[in-house]
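> Residue numbers (the numbering used here), protein chains in the order written: chain A, 1 to 179; chain B, 1001 to 1179.
For reference, the structure I am asking about is given below.
Number of protein chains: 2
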Amino acid sequence: MIESIQHRRSIRKYTSDPIEPEKLQSVLEAGRLAPSGNNKQPWTFIVVQSEQQRQAVMQACHRQTWMMTAPAFIVAVADMAARSEADLPIYIDENSPHWELKRAIRDTAIAVENMLLEADAQGLGTCWVGFFVQSEIRPVLGIPDNKFVLAVIPIGYPAEHPPARPRKPLAAIVRYEKW
Amino acid sequence: MIESIQHRRSIRKYTSDPIEPEKLQSVLEAGRLAPSGNNKQPWTFIVVQSEQQRQAVMQACHRQTWMMTAPAFIVAVADMAARSEADLPIYIDENSPHWELKRAIRDTAIAVENMLLEADAQGLGTCWVGFFVQSEIRPVLGIPDNKFVLAVIPIGYPAEHPPARPRKPLAAIVRYEKW
């Protein structure tokens, strides 16, 4: 496992090779199987492959044109409503205070990480794109105002092999017994 | 990878066998290597092994007494301040609105999932415990009020082998091109 975690990179340049449908399914399956608080599974994954929709999503991601080299995007949506009894008709965004939204973000992040690791295991590259705002990206995909887009994940075969990025040493992030 | 993801379970009963230090290090390393927005790595992991501190943390987790069967807890703390320019002297909790806090939660969730998967690969069991409130658990560990405890992870050798919990089918969580 640690080898896979060490191996994975954020990829921002892809080949034009299409993704085999069974590989894409395996990536989605890795997300589907993620653990979540109370097993609520508060996530939806939107697979975007058409040129037109990828263009629109890329535009909403502040025009990161490199994204268009990827043949598909997986848009991971955190659904606070999936954690509540009712489908709340509320508007949420980056500054919403709700604990349920934080939990849905937490759980959906787990599922996304599973997908990134499974993609790497399948020889596919990914990048977690988070540079967008809810008010701009939701309309592009027709996502209701009570869902929160957590990630846009370009996915495809890597056309670059970047070195590992630096990480803080363990000594800087691990404490014992107390803060 | 998918096999590891399929294999992992939430474990709520552990043997009394201690965790080899090199295995614990490998788990922490898996968290350390996680990707994060702008590579901010907004996480701290507190390893709790003493009987007294585990008792205190367990109490703060609404007295889930099964937790005490685990020889160690890893407490994952999301640090909104690590994403900002300054170490903000603010109080945050479950209902805080800050986008930076949501990002720190997102990133720390990625790191925790890496640790859960690496633990499984090492033959260790884990459970993501999230049933506590900030105002009660932070004082137990001396955690500042501008940090957010995202998870308490009991870790140890499993003394139970629960079946897989149900998940929604892919058809219920995957959409194509738009919501």
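No residue lacks a Cβ here, since even glycine has one placed at the ideal position from N, Cα and C.
Keep in mind it's a predicted model, so treat the numbers as computed, not measured.
Which whole runs of the beta strand (DSSP E) in the stretch 1122 to 1164 of chain B are 3 residues long or more, in chain order?
Counting whole runs of 3 or more residues, the stretch 1122 to 1164 of chain B contains the beta strand (DSSP E) stretches 1148 to 1156.
> Quick check on this structure: which residue in B:LYS1168, B:ASP1017 and B:GLU1100 has the alpha carbon closest to the alpha carbon of B:ALA1072?
The residue labelled residue 1072 of chain B in the question sits at position 72 within the second sequence. Of B:LYS1168, B:ASP1017 and B:GLU1100, the residue nearest in Cα terms is B:ASP1017.
> Using the C-alpha atoms, what's the distance from A:VAL48 back to A:ALA70?
Counting from 1 along the first sequence, the entry for residue 70 of chain A is found at position 70. Counting from 1 along the first sequence, the entry for residue 48 of chain A is found at position 48. Roughly 10 Å separates the two Cα atoms.
> Within a Cβ cutoff of 7 Å, which residues of the same chain sit near B:PRO1162, ignoring the five residues on either side of it in sequence?
As a first step, residue 1162 of chain B is located in the second sequence; it is residue number 162 there, counting from the start. Here the set comprises ARG1009.
> Buried or exposed: A:ALA164, going by 16 or more other Cβ atoms within 10 Å of its Cβ?
Taking the first sequence and counting its residues from 1, one reaches residue 164 of chain A at position 164. Label assigned to A:ALA164: exposed.
> Judging by CA-CA distance, which residue of B:ALA1109, B:ARG1103, B:ALA1076 and B:SER1135 is the nearest neighbour of B:HIS1062?
On the second sequence, position 62 is the one that residue 1062 of chain B refers to. Of the candidates B:ALA1109, B:ARG1103, B:ALA1076 and B:SER1135, the one whose C-alpha sits nearest the C-alpha of B:HIS1062 is B:SER1135.
> With DSSP collapsed to three states, give me the class of A:ILE11.
Walking along the first sequence from the start, residue 11 of chain A turns up at place 11. Note: A:ILE11 maps to coil in three-state DSSP.
> Give me the chain A residues within the contact set of B:SER1084, using Cβ-Cβ distance strictly less than 9 Å, ordered along the chain.
Taking the first residue of the second sequence as 1, we reach residue 1084 of chain B at position 84. Result: empty, since nearest Cβ-Cβ is about 15 Å, beyond 9 Å.
> Looking at chain E, is there any beta carbon in it that lies within less than 9 Å of the beta carbon of A:HIS62?
You won't find chain E in this structure, because its protein chains are A and B.
> Could you check whether the Cβ of A:PHE45 sits closer than 9 Å to any Cβ belonging to chain B?
Position 45 of the first sequence, counted from the first residue, corresponds to residue 45 of chain A. Closer than 9 Å: yes.
> Quick one: measure Cβ to Cβ for A:ASN156 and A:GLY123, integer angstroms, because I've assumed they're closer than 8 Å.
Here residue 156 of chain A corresponds to residue number 156 of the first sequence, with the count starting at 1. Here residue 123 of chain A corresponds to residue number 123 of the first sequence, with the count starting at 1. Looking at the sequence itself, residue 156 of chain A is Gly, so the reference to Asn does not match. Wrong, their Cβ atoms sit about 10 Å apart, outside the cutoff.
> Note down, in chain order, every chain A residue with its Cβ under 7 Å from the Cβ of B:VAL1174.
For the purposes of this step, residue 1174 of chain B is identified with residue 174 of the second sequence, where counting begins at 1. By Cβ distance, chain A contributes LEU28, PHE45 and VAL47.
> Is DSSP giving A:ILE46 helix, strand or coil here?
Taking the first residue of the first sequence as 1, we reach residue 46 of chain A at position 46. The answer is strand: DSSP assigns A:ILE46 an E or B state.
> Would you say A:LEU197 reaches chain B, if we count a Cβ-Cβ gap shorter than 9 Å as a contact?
With chain A running from 1 to 179 in the structure shown, residue 197 of chain A is simply not present.
> Mind checking which residues open and close the alpha helix (DSSP H) that includes B:ILE1173?
Locating residue 1173 of chain B in the second sequence gives position 173, where the first residue counts as 1. Segment 1170 to 1173, the alpha helix (DSSP H) holding B:ILE1173.
> Under 8 Å: does the beta carbon of B:LEU1124 sit that close to some heavy atom of the ligand COA?
Questions concerning the ligand COA fall outside what the structure shown contains, since it holds no ligand whatsoever.
> Put A:ILE74 into one of helix, strand or coil per three-state DSSP.
For the purposes of this step, residue 74 of chain A is taken as residue 74 along the first sequence, with counting starting at 1. DSSP places A:ILE74 in strand when its eight states are reduced to three.
> Short of 7 Å in beta carbon distance, which residues of its chain neighbour A:PRO89, apart from the five on each side in sequence? Order them along the chain.
Indexing the first sequence from 1 puts residue 89 of chain A at position 89. Around A:PRO89: ASN146.
> Listed in chain order, which residues of the stretch 90 to 105 of chain A have Cβ atoms closer than 8 Å to some Cβ of chain B?
Residues GLU94, ASN95, SER96, PRO97, HIS98, TRP99, LEU101, LYS102, ARG103 and ILE105.
> Who are the Cβ neighbours of A:VAL233 in its own chain at under 8 Å, not counting the five residues just before and after it?
Here chain A has residues from 1 to 179 only, and residue 233 of chain A is not among them.
> Counting C-beta neighbours from all protein chains within 10 Å, is the total for A:TYR14 16 or more, i.e. buried, or is it exposed?
Translated into the one-based positions of the first sequence, residue 14 of chain A becomes position 14. By the neighbour-count rule (16 or more Cβ atoms within 10 Å), A:TYR14 is buried.
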